[in-house]
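**Q** Before we start, here is the structure in question, set down as structure tokens.
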């Protein structure tokens, strides 16, 4: 009986030891998160990320860079793209729209104070208007297809569904890539074509001091381009140049930069682009419903003389002086009767 | 209106030419990221 009791005690003791070891094992594993074995089958992606701050491995395809699955800069960039950019873009574009609506409701359309004279003067020739509209139409398509990349997923997927969004986004991407080139050509030609009239000078300082005539009925003197138009010109040239350069860096991945360079290019491209869109909304406003007679400058190419007198008085005087000089030359060259 | 139509036609012509250039320069994913041993 004594020996049976001894065996029973031994068996119970052994069972208790086995039980303790079995229960302690998972606890021990949970208490040692720092000892992650990256090659273990059970390792989780999140554990690797916390341990190594990046997930990198070996790949058999030619591009060895694709071996980096996740890296710290990539997470920062993703946060910028998914959060920061949406806020910046949303505030810039909706803020501009709200400001223009408030301005229109309080100020209304800037009318030709003296009324239409019935006489017109050429403001932009056919070549200038063609280049303007080519750049403008490309810009509108580029803006819509670009904003689709930033805002399309949260705004369009709930409305049109995944498949339609996928199809639309594919075509938008093609349009974005292909229309980038005529847009770039347009920006370069605009730069060369109008640089002469867009160098800031003292007249612009006075124009800005007097609020550009947007507030009240004041009409500060201006040359062919006033300070507001010069600002838009430089937004197009510098902003267009920036989005073109960074866009081509993204269009040709790894040709001139690594993944970090492309992340920077995308940040610059997207921030400049949303600010560019906001600025162009203001440009479209003042060139259409914001000012009577302004659209005609790029529509038919001619403007009413009274419009020119009120908004570009110095330019009108120059044009009149030039026309008078031409008339005098023609009269002098004509044979006497 | 004529200037606008001419601008649109010009943009389309340049875009088509650029599309041809891009398609020649850029490799499709199935070619750029594949070897004889790998097909995606």
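Chains as they are written, first to last, in the numbering used here: chain A, 2 to 338; chain B, 70 to 109. For glycine and all other residues, C-beta sits at the position ideal for the given N, C-alpha and C.
Measuring only from the beta carbon, is residue 181 of chain A closer than 6 Å to any heavy atom that is part of the ligand SAM?
**A** Inclusion of the ligand SAM in the displayed structure is not the case, the ligand content being empty and no account of it being possible.
**Q** Checking 7 Å against the spacing of the C-beta atoms, do residue 138 of chain A and residue 85 of chain B come in under that value?
**A** No, the Cβ-Cβ distance between residue 138 of chain A and residue 85 of chain B is not below 7 Å.
**Q** Starting from the C-beta of residue 59 of chain A, find all residues in its chain whose C-beta is less than 8 Å away, skip the five residues before and the five after it, and write them out in chain order.
**A** 68, listed in sequence order.
**Q** Helix, strand or coil for residue 215 of chain A? Go by DSSP, reduced to three states.
**A** Three-state DSSP puts residue 215 of chain A in coil, outside helix and strand.
**Q** Residue 138 of chain A touches chain B at which residues, Cβ-Cβ below 7 Å?
**A** The contacting residues are 76, 77 and 80.
**Q** For chain B, find out if any of its Cβ atoms is closer than 7 Å to the Cβ of residue 152 of chain A; answer yes or no.
**A** Answer no: the Cβ-Cβ gap between residue 152 of chain A and chain B never drops below 7 Å.
**Q** Is residue 121 of chain A helix, strand or coil when you go by DSSP?
**A** Note: residue 121 of chain A maps to strand in three-state DSSP.
**Q** Within 10 Å of its beta-carbon, does residue 286 of chain A have 16 or more other beta-carbons around it, so buried, or fewer, so exposed?
**A** Buried, by the Cβ-count rule.
**Q** Where residue 153 of chain A and residue 86 of chain A are concerned, what is the direct C-alpha to C-alpha distance, given to the nearest angstrom?
**A** Cα to Cα, residue 153 of chain A sits roughly 13 Å from residue 86 of chain A.
**Q** Considering Cα atoms alone, identify which of A/288, A/223, A/170 and A/263 is closest to residue 316 of chain A.
**A** Of the candidates A/288, A/223, A/170 and A/263, the one whose C-alpha sits nearest the C-alpha of residue 316 of chain A is A/223.
**Q** Give the interface partners of residue 178 of chain A over in chain B, defined as CB-CB distance under 7 Å, in chain order.
**A** Here the neighbours are 91.
**Q** So what does residue 292 of chain A bridge to, in DSSP terms?
**A** DSSP, once it has assigned bridges, lists A/111 as partnering residue 292 of chain A.
**Q** Okay, do the region 164–181 of chain A and the region 304–321 of chain A touch, 3+ Cβ pairs below 8 Å being the bar?
**A** Cβ pair count under 8 Å is below three, so no.
**Q** Using C-beta distances below 7 Å, list every residue in its chain close to residue 118 of chain A, excluding the 5 sequence neighbours before and after it, in chain order.
**A** Here the set comprises 305, 306 and 307.
**Q** Tell me the rounded alpha-carbon separation between residue 32 of chain A and residue 48 of chain A.
**A** Residue placement at residue 32 of chain A is poorly supported in this model, since its pLDDT is 48, which falls under 50; the coordinates still yield a value, given next. Looking at the two C-alpha atoms, the distance is approximately 14 Å.
**Q** Count the CB pairs spanning the region 263–275 of chain A and the region 166–176 of chain A that are closer than 8 Å, and state whether there are at least three.
**A** No, the region 263–275 of chain A does not touch the region 166–176 of chain A.
**Q** Which residue marks the beginning of the beta strand (DSSP E) containing residue 304 of chain A, and which one marks its end?
**A** Counting along the chain, the beta strand (DSSP E) containing residue 304 of chain A begins and ends at 303–305.
**Q** If the cut is a Cβ gap below 8 Å, which residues of chain B does residue 279 of chain A touch?
**A** The contacting residues do not exist; residue 279 of chain A stays about 23 Å from chain B at best.
**Q** Tell me where the beta strand (DSSP E) around residue 204 of chain A begins and ends.
**A** No beta strand (DSSP E) holds residue 204 of chain A; the alpha helix (DSSP H) holding it covers 203–210.
**Q** Out of curiosity, what's the CA-to-CA distance linking residue 11 of chain A and residue 45 of chain A?
**A** Going by the C-alpha atoms only, they are around 41 Å apart.
**Q** By the three-class DSSP mapping on this structure, what secondary structure does residue 200 of chain A have?
**A** Three-state DSSP puts residue 200 of chain A in coil, outside helix and strand.
**Q** Using three-state DSSP, classify residue 318 of chain A as helix, strand or coil.
**A** The answer is helix: DSSP assigns residue 318 of chain A an H, G or I state.
**Q** Going by C-alpha distance, which of A/303, A/156 and A/8 is nearest residue 122 of chain A?
**A** Of A/303, A/156 and A/8, the residue nearest in Cα terms is A/303.
**Q** With which residues is residue 71 of chain A paired in a DSSP beta bridge?
**A** Paired residue(s): A/56.
**Q** Candidates A/256, A/263 and A/277: which alpha carbon is nearest residue 242 of chain A's?
**A** Nearest C-alpha to residue 242 of chain A: A/277.
**Q** Run the CB neighbour count on residue 131 of chain A, radius 10 Å, all protein chains shown included, and call it buried at 16 or more, exposed below.
**A** Residue 131 of chain A should be labelled buried.
**Q** What are the residues of the region 179–191 of chain A that lie near chain B, defined by any Cβ-Cβ distance shorter than 7 Å?
**A** Cβ contacts with chain B: 179, 180, 182, 183 and 186.
**Q** Quick test of the definition: if touching needs 3 or more C-beta pairs under 8 Å, does the region 73–87 of chain A touch the region 259–267 of chain A?
**A** In short, these stretches touch, since the Cβ pair count reaches three.
**Q** Roughly how many angstroms lie between the CA atoms of residue 80 of chain A and residue 239 of chain A, to the nearest whole one?
**A** So the alpha carbons of these two residues sit roughly 27 Å apart.
**Q** Work out the CA separation of residue 186 of chain A and residue 120 of chain A for me, nearest whole Å.
**A** The straight-line gap from Cα to Cα measures roughly 35 Å.
**Q** Pop quiz: residue 107 of chain A and residue 188 of chain A are said to be a contact at Cβ under 8 Å. What is the actual Cβ separation, rounded to whole angstroms?
**A** 34 Å between Cβ atoms; not a contact.
**Q** Which of the three DSSP states is assigned to residue 62 of chain A in this structure?
**A** If DSSP states are grouped into helix, strand and coil, residue 62 of chain A belongs with coil.
**Q** Would you call residue 225 of chain A buried or exposed, if buried means 16 or more other Cβ atoms sit within 10 Å of its Cβ?
**A** Label assigned to residue 225 of chain A: buried.
**Q** Answer yes or no: does any C-beta atom of chain B fall closer than 7 Å to that of residue 65 of chain A?
**A** Not an interface residue.
**Q** Since I believe residue 231 of chain A is in contact with residue 254 of chain A (beta carbons under 8 Å), could you give me their beta-carbon distance rounded to a whole number of angstroms?
**A** That belief does not hold up - the Cβ atoms of residue 254 of chain A and residue 231 of chain A are roughly 36 Å apart, past 8 Å.
**Q** Give the interface partners of residue 134 of chain A over in chain B, defined as CB-CB distance under 7 Å, in chain order.
**A** Ordered by position in chain B, the residues that pass the 7 Å Cβ test against residue 134 of chain A are 72, 73 and 76.
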